[in-house]
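Residue numbers (my numbering), protein chains in the order written: chain H, 4 to 207; chain U, 4 to 207. The structure appears right after this line, and notes come after that.
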């Protein structure tokens, strides 16, 4: 969706053209810079400079740093900003169910292979673990939680991560039955209340 | 504890002596047979035969097939049978808290390195995933659940696995803060009620 076919007209400096080779160059450069600097340390300017393209191309092709990271490093099948926006539509009371449903719908669609690759990268490289935390927990889960007015946002965000990551591990990586084949509605009914308590319920 | 220093007097057939070389031979043979046959398919007799020792040595050194598997394949720092017995002492009403506390106490003690190795083996070998499910879910979680008289034992067991595996992933593998450094009492208060609902609460 963000891979729009229209060409931005804001290109000013003459480096590479803004076509698909620019896109590929940005992905390559981003992998290197994110691994070297971490998510927070990497700047759009540094990535664009390494790719030899204008920094505006990052917004043009990826909708910003988040989208570039999601594609270049995490190889996510979705744009995290869209996911966070989607989660914020609706009441806080059933946010847990929405998170569970969004998580399962997204990863079920990819057959879980991308999730497994993500876990493998976290278990094999320390740096990837840090980057993933910065990105998924801080920029998605915490961002959503901060809109709810709840306390203990950081701890709650990591509790939510335990349930989501664990669900992915059992459903997609280890594929334990019957959970691996359980339909999404049943999963949401079972896991949604857990997430809801981690979002806004008593946890101590 | 099960590595008793006393020597069994039941040895009858003259194969290897019952010393530490027997123990090591059993561990080697067990790795091969468990991977080839899975946990349920592998017999104590087949493992002992491959090691060239008397089958009684398995009980002598490992307290049975479970203990041998835990050490040879999972490299667990505890005997699963002891863990299950421990969990069964006490009321069903706070079984969730006991499971959380036992899990955290056990893995915190090892520094989480063994847990990480376990996850890595599951993510890199399909066979290990099956074996792990057979073993941990069926022989520990389901065994404990069956004593509670709850319904949907298989689904509940895998739900419990999601929360435990996810907690281990975030605390030991990815080491997301603040959860990675949160004290055990606080963790048990947060996660215990989740496990308790998966054990005996409404899940649909």
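All residues carry an ideal CB built from backbone N, CA and C; glycine is no exception. None of these values were measured; they are calculated from a predicted model.
Quiz item: Taking residue 193 of chain H as the reference, which of U:108, U:117 and U:206 has the closest Cα?
Solution: U:206
Quiz item: At a CB-CB cut-off below 7 Å, which residues of chain U make contact with residue 179 of chain H?
Solution: 136, 140, 161 and 164
Quiz item: So, does the CB of residue 193 of chain U fall closer than 8 Å to a CB anywhere in chain H?
Solution: yes
Quiz prompt | Residue nearest to residue 82 of chain U in terms of C-alpha spacing, selected from U:105, U:97, U:65 and U:48 | solution = U:65
Exercise. Flag this pair as yes or no: are the beta carbons of residue 174 of chain U and residue 182 of chain U separated by less than 8 Å?
Key: yes
Self-check item: Where the alpha helix (DSSP H) containing residue 38 of chain U begins and where it ends
Solution: 23–44
Quiz item: With 8 Å set as the bound, which would you pick, yes or no: does the beta-carbon of residue 187 of chain H sit closer than that to a beta-carbon of chain U?
Solution: no
Quiz item: residue 146 of chain U lies in the alpha helix (DSSP H); which residues open and close that run?
Solution: 146–149
Quiz item: What distance in whole Å lies between the Cβ atoms of residue 104 of chain U and residue 187 of chain U, which are believed to be in contact at a cut-off of 8 Å?
Solution: 6 Å
Quiz item: Listing by chain order, which chain U residues have their CB less than 9 Å from the CB of residue 169 of chain H?
Solution: 164, 165, 166, 167, 168, 169, 170, 171, 172 and 173
Quiz item: For residue 185 of chain H, does the three-state DSSP call read helix, strand or coil?
Solution: coil
Quiz item: Applying the criterion that 16 or more other CB atoms from any shown protein chain within 10 Å of the CB defines a buried residue, is residue 4 of chain H buried or exposed?
Solution: Note that residue 4 of chain H scores a pLDDT of 36, beneath 50, so its modelled location is shaky; the value from the coordinates is reported in the next line. Classification for residue 4 of chain H: exposed.
Self-check item: Listed by chain order, chain U residues near residue 157 of chain H by CB distance under 8 Å
Solution: 180 and 181
Exercise. Report the residues of the segment 194–206 of chain U with a CB closer than 9 Å to any CB of chain H, ordered along the chain.
Key: 194, 196, 197, 200, 201, 204, 205 and 206
Quiz item: Are three or more beta carbon pairs between the segment 35–53 of chain U and the segment 86–102 of chain U nearer than 8 Å?
Solution: no
Quiz item: Whole-angstrom Cβ separation of residue 73 of chain H and residue 37 of chain H, contact assumed at under 8 Å?
Solution: With a Cβ gap of about 11 Å, residue 73 of chain H and residue 37 of chain H do not count as contacting.
Practice problem: Using 10 angstroms around the beta-carbon of residue 25 of chain H, count the other beta-carbons present and answer buried if the total reaches 16, otherwise exposed. | Solution: buried
Quiz prompt | Stretch pair the segment 144–158 of chain U + the segment 143–161 of chain H: three plus CB contacts closer than 8 Å | solution = no
Exercise. Give the secondary structure of residue 153 of chain H by DSSP, where H, G and I count as helix, E and B as strand, and everything else as coil.
Key: coil
Quiz item: Where do the N-terminal and C-terminal ends of the alpha helix (DSSP H) with residue 62 of chain U fall, by residue?
Solution: 59–65
Quiz item: Applying the criterion that 16 or more other CB atoms from any shown protein chain within 10 Å of the CB defines a buried residue, is residue 16 of chain H buried or exposed?
Solution: Low per-residue confidence applies at residue 16 of chain H: pLDDT is 46, beneath 50, and the placement is therefore not dependable, though the value from the model is reported in the following sentence. It counts as exposed.
Practice problem: For residue 108 of chain H, count neighbouring Cβ atoms within 10 angstroms of its own Cβ and tell me buried if that reaches 16, exposed if not. | Solution: exposed
Quiz item: How long is the line joining the alpha carbons of residue 70 of chain U and residue 165 of chain U, rounded to whole angstroms?
Solution: 24 Å
Practice problem: Tell me, to the nearest whole angstrom, how far the beta carbon of residue 203 of chain U is from that of residue 95 of chain U; I am working on the premise that it is less than 8 Å. | Solution: 6 Å
Exercise. May I ask you to report which of helix, strand or coil DSSP gives residue 74 of chain U?
Key: helix
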